[in-house]
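Just so you know, the sequences run in chain order A and B.
Number 217 in numbering that gives the first Met the number 0 belongs to position 218 of the first sequence; there are no gaps in the numbering.
Number 344 in numbering that gives the first Met the number 0 belongs to position 345 of the second sequence; there are no gaps in the numbering.
C-beta: ideal position from N, C-alpha, C; glycine also.
Please read all numbers here as calculations on a predicted model, not as lab measurements.
Structure record follows, encoded as C-alpha cells.
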Amino acid sequence: MPDLSTNCAGIRSPNPFWLASAPPANSGAQIQRAFDHGWGGAVWKTLGVPIQNVSSRFGAVDVRGTKAVGFNNIELITDRSLEVNFREIYETKKKYPKHAVVVSLMVETRQEWKDIIKRSIDAGADGLELNFGCPHGMCERGMGSAVGQEPKVNQEITSWAVEYSSVPVLVKLTPNVGDIVPHGLAAQRGGAHGVALINTIKSIIGVDIDRMVPMPRVGGQSTNGGYCGSAVKPIALHMVAQLARSSEFEIPISGIGGVANWRDAVEFILLGSSSVQVCTEVMLRGYRIVEDMIEGLTEYMSSHGFDTIDQMVGKAVSGYSEWGDLDLNYETVAKIDAQACIGCQLCVVACHDGAHQCIHPNPQGGPSGSRVPIVDESECVGCNLCQIVCPVPGCITMEEVDNGFTPGTWNQHMAGEAALRPKKGAH
Amino acid sequence: MTKIAKERAENVFTDFKAAYTPQQALVEANRCLFCADAPCIQACPTGIEIPQFIRKIATGNVKGSARTIFDSNILGMSCARVCPVEVLCVGKCVYNEMGVPPIQIGKLQRYSTDHAFAEGWRFFEAAPDSGKSVGLVGAGPASLAAAHELRRHGHACTIYDKRDVTGGLNTTGVAPYKMKADRSEDEVEWVLGIGGIEVRTGVEVGRDVTWGELLQAHDALFVGVGLGPDTRLDVPGADLSGIHGAVEAIERVKLGTVDLSGVEHAVVVGGGNTAIDAVRELRGLGVADVTMLYRGTEPGMSGYAHEWSAAKDEGVRARWQTQPVAFEGQGRVQSIRCVRLDQAKQPIAGSEHEVPAELVLLAIGQSKLEALLLGLGVTFERGRVVVDEHQATARPGVYAGGDCANGGKEVVNAAAEGKRAALAIHEYIVRVT
C-alpha cells in the first residue's frame, strides 16, 4: 500500500490534498468537515483586516452544456473577525493534530505582518501562506498581486515573514506576470520555505449581453475577477513546471489551479508539486470529491510502482524541454480503427477546416457505404486534431512512423548537426 | 373551412412522447456530436439539417433552429410528432453505433417547432405575384407542402378537398397519442399564413368540378388525393354491424365521438402500421381485450417493431398466422371464425377456431383512387400514379405526390414529394406557360 503522507516545505499532512485558501476553507466548521471527508490539509481563507464583500461574487463559463468549466470570483479575503478565525484555528488544530492547517495572510505594514504571524502561530498554524496573488480588490489597496508582481516587494515582505515565523512559510504567487521564474526566485531569496501557485488569473468571466454589463454583475457594474477551475489547469501546470525545471529554483511547490480529480493531482505532482490545493471543484461538488482523489492516487501509485509521494514529485519535469530541442524527425500519422469508428466524420471536417486536409470521406461511402474515413498518410502531419475531436475513445491513434531519419532537433539543425526529414502538408 | 368539433374521442389520449422542457432539450441538444455529412440528414426524406438545428437549440437560438427545420420541411411541426424517427433519423444516429442512446431528434424538432407556433414566428414570404396559378387536389400534407413552396415562388394556389376539414390524414388519421386533429389544423393555418393559398373544401372532383375544368383554370395541377376507402374482407358475415374499416374508424375517433359500450373484445385484422395504431387506440379508449389478428408472423409484420413493442406494453395481444374465414353473430358481430396458416400462408386443416369480437376493424389496406383519376391522362402502376423523380406524371403540367403516388408512406414522404413537385412545377410554369 503506497504511503500518501506528505511533507511540503516541512508542512506535514496525511495526504497531499489540501483545501486552497478560499470559500471552502472559510471557517473551522467547514475545514473540520473537510478533514472528516479525508482532506489532508487546508489553507485557511486569507486573514487580514476584515473586509466587506459585494453581493454577486462568482461567475462561470459553461461549454457545450458542461457547467462551470471555468470560474471566477470577486470575493476578497476573510470578512470574519480575526478573533473568531484564530479561535477556530486553535480548535481545529486541537481536534485534528495530524492534519495540516496553513494560515493564509495578507496585511500591509511590517508591524501588521509581525502581529498576525505571531497570532497565527499561537493559534497553532502548521505553516503560513503569504497571499501575494489575489488579482482583484486587494491589489487596488497595494496588497495581493500588487506585491506578487514586484519581485523586490515580494522578497522584502517574505523576508519579514520568515524572520517572524517559527513555522514554514509558503509564498503564494500570482500568474498575472509574464514569466513566473523571477517571482519564485524572489520568494526564495526572501527565505520562503516553499511557494504555492497559481493564484487566480485576472479575468472578465463574461458579459450580460442583454444588460450589456460584464459579469458577475454588481448592480450596474462589474469588475475583473480571478479566473480558476478546470480551464486554468494548463496555465498552472506550465508555471509549476517552469519553476520546477529552473536550475536556480530549489524550494518545494504546492500546486494549485484546476485540480478537480486525482488525475489532475498526479499531473501537478509529476511536474514538481509536493502537495496540491483545491478550491473550485470543491465549490462545485463539495468536500466528498476527496474520496475518489485518495483512491485514484493510491491506485495510480501502486500501478506505477511508487511507494511515496516524494518518489513521484517532478518525475515529468525532465520531459519538459524547449521547442528547439524537440525531435523534428519524430513522425506520427493518424490511424482509424474501422471497427470502433461510428462514422460521425468529425475528424474529416476538423482535418479539412482546421488542419491539413488529409482525412477524407470514404470513396466507397454514400448513404449505404462505409463512413469510415480514409487518412492520406502521405499528407498527415500527425497534429492530433482528429484524435481530439473523435468521440470514441481509442478509435483514432497516432502511430509512430519509421521514416529512416535519426533524431534531429532544430537547435542541432541550426548548428549543422542534423538532417531533417522533408516537410509534410506544407504546400 | 369548417373547424373540427371540440368534443372528440381522441381527447382522452395523452402524448406518448412528452414534450421536452427547456432543460431537457438543452441536455439532449448538447449531447449531439454535430456530425459532418450526418447520417440523420441522409435518413430524412426532407433532408433537414438536423445537426444545425440541434446546435441552435444548444446555443439558445431556438428561432434559428425552427427556421432551419421549416426551410427544409414546412410540415416540420407535425413530422416531429408523427415521423417514425426510430427507423429514420434517430435510427441512423451514430450514437447507435457506440451503444449510446441516440439523440431524440423528433423531440428536439418538436421543441423548436412548437416554440415557433407558440411565438408566432414566421420565416417565409411569398414572392411577388407571378400571374400563374396552380391547382392542388387534396388538402393533405403533400398539397400543403407543395402550395407553400409554390407561394415562395409567387404562384397563386388553390387547394381543393372533398372533405370539410383540411390537413388530410394528419387531421383524420394520425394516432392521437402522437398528434391530435386540432394541432393538425393549427399547422394548416400556419402554412396558409404565407398568404395567397385559397382553400376550397367540400369540392369533389367528378361531382363538383371536372379534371378538364381544373386543367383549364390552372397553369399546372398537383394531385395529392391520398388513398381510397379501407379494403373490405370478402368472407361470410362481412356485412354484420360492428365491422368497420380501420382508417374510417380512426377518423371517427379523431373527429367525433365513438360508442364502445358492449365492446369487451375487439379484434383488428392486419399487421401494418394502421393495424398497430388501431389496436393502441382501442386500448387507449378503454377496450379491455384488444387483439391483433395477422396472417403472417411477428417478425414478418409490416408494422414498425417499435410501434408493436409499445402496443404490447399497453396490453395488446396478437394472434399470428391467423386468418378470418367468417364473421358470426346475429345482426351484430359476436365472434370471428378463424383458421391458422402455415409458413406458406395456407390454411392448416382442422385449425378452425372462434375468436370473440364485438368490434372488428379491418386494417388490410386501402383501395387506390385509380377510378377517380381516370380521364386525367396520367398512368398507373398497381393503382399508384406513376411519377418521375420530379413527381411529374405522364401528362405534362400534372404532378402528383403523397400516398396516391407512393402507395402509402409517411407524412414526411408526402412533404418531401410535395416540395419536390412544387420546384418542378415552378420550372415547368416558367418554361412552358
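Min CB distance serine 64 of chain A to chain B below 8 Å: Translated into the one-based positions of the first sequence, residue 64 of chain A becomes position 65. Rather than serine, the amino acid found at residue 64 of chain A in this sequence is glycine. So yes, glycine 64 of chain A belongs to the interface.
Below-8 Å beta-carbon distance, cysteine 343 of chain A vs any chain B residue: Within the first sequence, numbered from 1, the residue matching residue 343 of chain A stands at position 344. Judged by the 8 Å Cβ criterion, cysteine 343 of chain A is in contact with chain B.
Min CB distance asparagine 29 of chain B to chain A below 8 Å: Working through the second sequence from its first residue, we reach residue 29 of chain B at position 30. Yes, because at least one Cβ of chain A sits closer than 8 Å to the Cβ of asparagine 29 of chain B.
Chain B within 8 Å of proline 362 of chain A, Cβ atoms only: Within the first sequence, residue 362 of chain A is the residue found at index 363, counting from 1. Closer than 8 Å: no.
Own chain, CB closer than 7 Å to alanine 287 of chain B, minus 5 neighbours either side, in chain order: Locating residue 287 of chain B in the second sequence gives position 288, where the first residue counts as 1. Correct list, in chain order: Glu263.
Enclosing alpha helix (DSSP H) for phenylalanine 131 of chain A [first to last residue]: As a position in the first sequence, residue 131 of chain A is number 132, starting the count at 1. First-last for phenylalanine 131 of chain A: undefined, no H or E at that position.
Phenylalanine 221 of chain B - DSSP class collapsed to helix/strand/coil: Walking along the second sequence from the start, residue 221 of chain B turns up at place 222. Correct three-state label for phenylalanine 221 of chain B: strand.
Short-range partners of chain A found in the segment 95-111 of chain B, where Cβ spacing is below 7 Å: Glu96, Met97
Interface partners of valine 391 of chain A on chain B, CB under 8 Å: Against the first sequence, residue 391 of chain A aligns to sequence position 392. The answer, in chain order, is Met97.
Inter-residue spacing [alpha-carbon to alpha-carbon] between valine 239 of chain A and methionine 76 of chain B: The count along the first sequence starts at 1 and reaches residue 239 of chain A at position 240. The count along the second sequence starts at 1 and reaches residue 76 of chain B at position 77. Approximately 55 Å, taken between the alpha carbons.
Residue-chain proximity (leucine 25 of chain B, chain A), Cβ-Cβ < 8 Å: Within the second sequence, residue 25 of chain B is the residue found at index 26, counting from 1. Yes, contact with chain A.
For isoleucine 68 of chain B, the three-state DSSP class (helix, strand or coil): Indexing the second sequence from 1 puts residue 68 of chain B at position 69. Isoleucine 68 of chain B falls in the helix class under three-state DSSP.
Straight-line Cα distance separating glycine 218 of chain A from glutamine 431 of chain A: Given that chain A is displayed from residue 0 to residue 426, the structure contains no residue 431 of chain A and the question cannot be resolved.
For cysteine 394 of chain A, the three-state DSSP class (helix, strand or coil): Working through the first sequence from its first residue, we reach residue 394 of chain A at position 395. Of the three classes helix, strand and coil, the one that applies to cysteine 394 of chain A here is coil, per DSSP.
Short CB-CB distance (under 8 Å) between valine 347 of chain A and chain B: Walking along the first sequence from the start, residue 347 of chain A turns up at place 348. So, interface residue.
Any C-beta of chain B under 8 Å from that of arginine 210 of chain A: Here residue 210 of chain A refers to the residue found at position 211 of the first sequence. Answer no: the Cβ-Cβ gap between arginine 210 of chain A and chain B never drops below 8 Å.
Euclidean distance between Cα positions of alanine 423 of chain B and glutamine 390 of chain B: As a first step, residue 423 of chain B must be located in the second sequence, where it is residue number 424. As a first step, residue 390 of chain B must be located in the second sequence, where it is residue number 391. Each residue's alpha carbon lies about 8 Å from the other.
Residues near proline 78 of chain A in its chain [Cβ-Cβ closer than 8 Å; skip 5 each side]: Translated into positions along the first sequence, residue 78 of chain A becomes position 79. With the sequence shown as reference, residue 78 of chain A is identified as aspartate, and proline is not the correct amino acid for it. Excluding positions up to five away in sequence, the list reads Pro49, Ile50, Gln51, Asn52.
DSSP state of tyrosine 95 of chain A mapped onto helix, strand, coil: For the purposes of this step, residue 95 of chain A is identified with residue 96 of the first sequence, where counting begins at 1. In this structure, tyrosine 95 of chain A counts as coil in the three-state DSSP scheme.
Residues bridged to glutamate 353 of chain B (per DSSP): Residue 353 of chain B sits at position 354 when you count from the first residue of the second sequence. DSSP output for glutamate 353 of chain B lists B:Arg336 as bridge partner(s).
Cβ-Cβ separation, leucine 149 of chain B to alanine 421 of chain B (assumed contact under 8 Å), whole Å: Counting from 1 along the second sequence, the entry for residue 421 of chain B is found at position 422. Counting from 1 along the second sequence, the entry for residue 149 of chain B is found at position 150. About 5 Å; that satisfies the 8 Å criterion.
Cβ contact check for the segment 207-220 of chain B and the segment 38-53 of chain B: 3 or more pairs under 8 Å: no
Separation of tryptophan 17 of chain A from glutamine 276 of chain A, as counted between CA atoms: Looking up residue 276 of chain A in the first sequence gives position 277. Looking up residue 17 of chain A in the first sequence gives position 18. Taking the straight line from one Cα to the other gives about 5 Å.
C-beta contact flag for phenylalanine 326 of chain B and alanine 237 of chain B at 8 Å: Here residue 326 of chain B refers to the residue found at position 327 when the second sequence is read from its first residue. Here residue 237 of chain B refers to the residue found at position 238 when the second sequence is read from its first residue. Contact: yes.
Which of helix, strand or coil DSSP assigns to histidine 305 of chain B: As a working mapping, residue 305 of chain B is identified with position 306 in the second sequence. Three-state DSSP puts histidine 305 of chain B in a helix.
Residues from the segment 32-57 of chain B in contact with chain A, defined by Cβ distance under 9 Å: Leu32, Phe33, Cys34, Ala35, Asp36, Ala37, Pro38, Gln41, Ala42, Ala57
Beta carbon of glycine 39 of chain A nearer than 8 Å to that of proline 15 of chain A: For the purposes of this step, residue 39 of chain A is identified with residue 40 of the first sequence, where counting begins at 1. For the purposes of this step, residue 15 of chain A is identified with residue 16 of the first sequence, where counting begins at 1. Result yes, Cβ atoms of glycine 39 of chain A and proline 15 of chain A sit closer than 8 Å.
Cβ contact check for the segment 276-287 of chain B and the segment 59-67 of chain B: 3 or more pairs under 8 Å: no
Residue closest to glutamate 118 of chain B, alpha-carbon to alpha-carbon, out of B:Gly269, B:Val93, B:Lys55, B:Trp189: Here residue 118 of chain B corresponds to residue number 119 of the second sequence, with the count starting at 1. Considering only alpha carbons, the answer is B:Trp189.
Exposed unless 16 or more other CB atoms sit within 10 angstroms - verdict on histidine 352 of chain B: Here residue 352 of chain B corresponds to residue number 353 of the second sequence, with the count starting at 1. With fewer than 16 other Cβ atoms within 10 Å, it is exposed.
DSSP-derived helix/strand/coil call for cysteine 26 of chain A: Residue numbering aside, residue 26 of chain A sits at position 27 when the first sequence is read from its first letter. A small correction: the amino acid at residue 26 of chain A is serine; cysteine does not occupy that position in the sequence shown. Three-state DSSP puts serine 26 of chain A in coil, outside helix and strand.
Beta strand (DSSP E) segments (min. 3 residues) lying fully within the segment 315-388 of chain A: 330-335
Span separating the alpha-carbon of leucine 127 of chain A from that of proline 167 of chain A: Against the first sequence, residue 127 of chain A aligns to sequence position 128. Against the first sequence, residue 167 of chain A aligns to sequence position 168. Rounded to the nearest angstrom, the two C-alpha atoms are 6 Å apart.
As assigned by DSSP and simplified to three states, the class of alanine 362 of chain B: Taking the first residue of the second sequence as position 1, residue 362 of chain B is located at position 363. Note: alanine 362 of chain B maps to coil in three-state DSSP.
Length of the line joining the Cα atoms of alanine 174 of chain B and methionine 397 of chain A: Position 175 of the second sequence, counting from 1, holds the residue named residue 174 of chain B. Position 398 of the first sequence, counting from 1, holds the residue named residue 397 of chain A. Distance between the alpha carbons of alanine 174 of chain B and methionine 397 of chain A is about 51 Å.
Closest residue to asparagine 175 of chain A among A:Val42, A:Gly224, A:Ala41, A:Pro390 (Cα-Cα distance): By 1-based counting over the first sequence, the position of residue 175 of chain A is 176. Selected option, being the one with the closest Cα: A:Gly224.
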